[in-house]
Amino acid sequence: MPWSRRRRALTLVAWLLGAVLLGACAPATPDSQAWRASAVQTLEDTSSQLATMRLTVEQERRDRLPGRYAVTVAVDSEEQAAMAAESLTGQQPPGTERRAYDRVSGLLDDAQSLISEARIALVDGRTQEYPSLLRRLDRMGARADRETERLR
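Count the sequence shown with mature numbering (1 follows the signal peptide of the UniProt record, and there is no 0) and you get residues -24 to -1, 1 to 128, in order.
And the structure:
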């Protein structure tokens, strides 16, 4: 094969490969019903992690957990909340769900920040922050539950 033909063939292959790779990088765009179902599941998962963190802080405050168990649970809760949020925010929301997406993604960000804050307080042993964290975890859990019901 002459050099110019080979070059054109390689260029064509490169373009096709690039198009395939770019197409694979596009986020999934579910329909409105599927997106809402995914958002509800993510909010339920996040609410569960908020409840887990609340229970952990409460039990640690009462000195009912052995050793570093609270820290282990807190780290796991933080990781699970991040994975749940990523599963939703990695999707392209349908145009009709953009407002809901903004509300839900904002709530997920706030919940993750609060869970991280609680984990930091547990690791550092900042017991004076526990009462405030418990109230804030309760409020955030209620907020997640309200948004879940709104999306059903």
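Positions of the beta carbon are idealized from the N, C-alpha and C atoms, including for glycine.
Check each candidate in the options and name the one with the smallest Cα separation from residue i.
i	options	result
Asp78	Leu127, Ser53, Arg111 and Ser24	Leu127
Glu73	Arg12, Pro42 and Ala4	Arg12
Ser108	Val99, Leu90, Glu123 and Thr124	Leu90
Leu26	Ser63, Gly101 and Arg95	Arg95
Got a sec, what are the start and stop residues for the alpha helix (DSSP H) residue i sits in?
i	result
Glu123	Tyr106 to Leu127
Ala4	Ala4 -> no alpha helix (DSSP H), and no H or E assigned at all.
Arg95	Arg74 to Asp100
Quick one: is residue i buried, meaning 16 or more other Cβ sit within 10 Å of its Cβ, or exposed?
i	result
Glu36	buried
Pro3	exposed
Gly71	exposed
With DSSP run on the structure shown, which of helix, strand or coil describes residue i?
i	result
Gln68	coil
residue 154	Nothing about residue 154 can be reported from this structure: the residues present for the chain run from -24 to 128 only.
Gly43	coil
Arg38	coil
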